[in-house]
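Student:
Protein chains: 2
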Amino acid sequence: MASRIVSFEKIKVACKNCTLATLCLPMGLTPDDVERLDAIVKRSRPLQKGDHVFRNGDPFHNLYVVKTGTVKTYTESPDGGEQVVGFHLPGEIIGLDAIQTDQHGCSARVLETSAICELPFDNLEDLASHIHSLQHQLFRLLSKEISRDTEMLSLLSKSTAEERLATFLLDLSKRHQQRGFAANEFFLSMSRQEIGSYLGLALETVSRLFTRLQEDGILRVERKHIEILDRDHLAVLAIKPAGSRANTCQASD
Amino acid sequence: MASRIVSFEKIKVACKNCTLATLCLPMGLTPDDVERLDAIVKRSRPLQKGDHVFRNGDPFHNLYVVKTGTVKTYTESPDGGEQVVGFHLPGEIIGLDAIQTDQHGCSARVLETSAICELPFDNLEDLASHIHSLQHQLFRLLSKEISRDTEMLSLLSKSTAEERLATFLLDLSKRHQQRGFAANEFFLSMSRQEIGSYLGLALETVSRLFTRLQEDGILRVERKHIEILDRDHLAVLAIKPAGSRANTCQASD
DNA sequence: AGTTTGATTTGACGCAGATCAAATCATCTC
DNA sequence: GAGATGATTTGATCTGCGTCAAATCAAACT
């Protein structure tokens, strides 16, 4: 994989030229403000597969933006098992949960060679109190994360294994598309185990589902390569059939 | 509804005199700043059981602080079923997920007669860019919500019905205690159905668990009244026995 | 007091998905 | 290229909890 060797020039790309700007923080800022934001952003060299961006318990100094690659965040149980909390694609910001404790509450490691931008949070806060739209942008960012988590809670609390995986794949697909990649064909950078952990399923269940979706002509699966053949069908599977499960309770009035 | 007529004196209590200040927003602000915050807070008259604080889709103008009572937030599925997203005690702030869309992404209704403070978000943002500690406080608040959701995700994704209920009860107990109420004895303001929805369980399962925990001498349950008899034992149940479930995967290096 | 209505409890049963186990396959090392 | 290592698939079982059903109980209404 010669393409893995990323030139340092690429890393130096500033926020104003970054194709991720609309996904990342600068959205809605004036060019002047982006300049100021750019001044506080640090860009480290690429991390290799398995490297940590931060670990649970690390003191909190920075937020991190995925620039290229994929990051998983996870927590550890006492016995060393891990619970995947999220997968993060380019343009997504991680470390938001650490603001309140001044300490990272989960670990983050890259699933493939990845470039990460560092945003020193103190500087960011200072900047935010001067740039109103940046402050607003940050609030929105945090708020969005809450919405996402809430949706995930609904998914885990109500749905079947099939719905979970279908929803997961459609979500991934959408996010790939937003980044300008193909919507119906992509590589999974995470293992079946990690998908299972994220979705609250055993890895065997994930594997079986892939097989079944392939048999049904909805997917083509070849190891980590996924092709969505029948998107509509997949979307149907992702939607919980009305009233099919418990714990959807009727409004009480 | 004679009880609707509550003395307005009670409502007028300002932030600076509010016993919830340490839980709510003013924490860490100077008396002067609290005064300024106080000026933008609106206090409406108490809501009655079943009343909505806001509904899914409502335009977003305010954050809301529970002053007394309990609020549940929930989303609705197309078929009218509801998915409980959270239960909120005095001092807790709701509506945070609406910041990003300018529209509430869930509904909130009170489970018992409750007083709610309104915080116009525009004003709050303005104030935050002048008062650095308020800005920081808001970031922390949002961040904390993310942490809470993440923990909930772990709970739903990994654990058994028993662990979920035990964790839920201990969490409620802790929050009651933080508010100066008894830790080991309290009333549930929500139904079994709502608990089930929140924990991703059928209401029958919740009911059976209450019965069992009572038989085991861990709880005393009488309808909505709960007494924790053996807190240590309950805490043991809340902790996932190491390696007892799937989807805890080993670190891959 | 009797009736209605909704909440809760309790029982019986079935299934989705976890668990256990073993085969296959891909990668990497030497 | 043979062997080792970890990921994935596939099969066979087992079980926790959802589902259905019916009884009990509490609060509200007449």
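Those protein sequence lines, which keep their order, are chains A and B.
Using the working numbering, the first residue of the first sequence is number 20, and each one after it goes up by one.
Using the working numbering, the first residue of the second sequence is number 20, and each one after it goes up by one.
Where a beta carbon is used, it is the ideal one built from N, C-alpha and C, also for glycine.
1. In the DSSP assignment, what are the bridge partners of F106/B?
2. Looking only at its chain, what residues have a beta carbon closer than 6 Å to the beta carbon of L157/B, apart from the 5 residues adjacent to it on each side?
3. I want to verify the contact list: residues of chain A whose CB lies under 8 Å from the CB of M46/B, in sequence order.
4. Compute the beta-carbon to beta-carbon distance between L161/A and G110/A, rounded to the nearest angstrom, for a pair I have assumed lies under 8 Å.
5. Distance, Cα to Cα, S105/B vs V90/B?
6. Quick one: does L189/B have its CB under 8 Å from some CB of chain A?
7. If you drop the 5 nearest sequence neighbours on each side, which residues of the same chain put their C-beta closer than 8 Å to that of H195/B?
8. Does any heavy atom of the ligand MN sit closer than 7 Å to the C-beta of L138/B?
9. Does DSSP put S126/A in a helix, in a strand, or in coil?
10. If I measure Cβ to Cβ from P139/A and keep anything under 8 Å in the same chain, skipping five residues before and after, which residues do I get?
11. Verify whether the separation of the beta carbon atoms of L248/A and R239/A is less than 8 Å.
12. Taking Cβ positions, are F73/A and H123/A nearer each other than 8 Å?
13. Tell me where the beta strand (DSSP E) around V255/B begins and ends.
14. Specify, as a first and last residue, the run of the beta strand (DSSP E) that F206/A falls within.
15. Can you give me the C-alpha to C-alpha distance between I118/B and A33/B, rounded to a whole angstrom?
16. Roughly how far, in whole angstroms, is the beta-carbon of L115/A from the beta-carbon of E164/A, given that I think they are within contact range, below 8 Å?
17. Suppose contacts are defined by Cβ-Cβ distances below 8 Å. Is L256/A in contact with A185/A by that definition?
18. With DSSP as the reference, please indicate the residues paired to I112/B in a beta bridge.
19. May I have the straight-line CA-CA distance separating S226/A from M171/A, to the nearest angstrom?
20. Are R231/A and L222/A close, meaning C-beta to C-beta below 8 Å?
21. For K163/A, decide whether its Cβ has a neighbour in chain B, counting only Cβ atoms nearer than 8 Å.
22. Shorter than 8 Å from the beta carbon of A21/A to some beta carbon of chain B?
23. Tell me which same chain residues have a C-beta within less than 7 Å of the C-beta of L253/A, skipping the five on either side of it?
24. Would L218/A and R183/A qualify as a contact pair, given that the criterion is a beta-carbon distance under 8 Å?
25. Kindly indicate if chain A contains any beta-carbon less than 8 Å away from that of A201/B.
26. Take F229/A and list the residues in its own chain whose beta-carbon comes closer than 6 Å to its own, dropping the five residues that flank it on each side.
27. When the Cα atoms are used, what is the spatial distance from S133/A to L153/A?
28. By Cβ distance, which residues of its chain are closer than 8 Å to K35/B, with the 5 residues on each side in sequence left out?
29. Are I113/A and A127/A close, meaning C-beta to C-beta below 8 Å?
30. Taking 7 Å as the limit between beta carbons, can you name the residues of its chain near K68/A, skipping five residues before and five after?
31. Can you list, in chain order, the residues of the segment 145 to 156 of chain B whose Cβ is nearer than 7 Å to any Cβ on chain A?
32. Nearest chain A C-beta to K91/B closer than 8 Å, yes or no?
33. Measuring straight from C-alpha to C-alpha, what distance separates H244/A and L174/B?
34. Taking buried to mean at least 16 other C-beta atoms within 10 Å of its own C-beta, is S216/A buried or exposed?
35. According to DSSP, simplified to helix, strand and coil, what is K61/A?
36. Please give me, in chain order, every unbroken run of the beta strand (DSSP E) with length at least 3 that falls completely inside the segment 146 to 176 of chain B.
Tutor: With the given structure in hand:
1. The partner list for F106/B (beta bridge, DSSP) reads K91/B.
2. Excluding residues within five positions, the ones whose Cβ falls inside 6 Å are A147.
3. What M46/B touches in chain A: nothing, since even the nearest Cβ is about 12 Å away.
4. Actually they do not touch by this definition, with Cβ atoms about 16 Å apart.
5. Reading the sequence as shown, one finds Gly at residue 105/B and not Ser. Cα to Cα, G105/B sits roughly 8 Å from V90/B.
6. no
7. L108, A201, A202 and F205
8. This structure does not include the ligand MN; it has no bound ligands of any sort.
9. strand
10. I59, K61, H80 and N81
11. yes
12. H123/A is positioned such that its CB atom lies closer than 8 Å to that of F73/A.
13. It is not in any beta strand (DSSP E) - V255/B instead sits in the alpha helix (DSSP H) that spans R250 to A257.
14. E204 to F206
15. 25 Å
16. 5 Å between Cβ atoms; contact.
17. yes
18. I112/B pairs with V84/B.
19. 21 Å
20. R231/A places its beta carbon 8 Å or farther from that of L222/A.
21. Cβ-Cβ to chain B under 8 Å: yes for K163/A.
22. A caution first: A21/A carries a pLDDT of 41, below 50, which makes its placement in the model unreliable, though a value can still be read off. Cβ-Cβ to chain B under 8 Å: no for A21/A.
23. A185, L188, L189, I237 and I247
24. yes
25. no
26. V240
27. 26 Å
28. Residues P45, P50, V53, E54 and D57 of the same chain have their beta carbon placed closer than 8 Å to that of K35/B, with the five preceding and five following residues left out of the count.
29. yes
30. V129, L130, E131 and T132
31. Taking 7 Å as the Cβ-Cβ cut-off against chain A, the residues of the segment 145 to 156 of chain B that qualify are A147, S148, H151, Q154 and H155.
32. Proximity of K91/B to chain A, defined by a Cβ-Cβ separation below 8 Å, is not satisfied.
33. 30 Å
34. buried
35. strand
36. none
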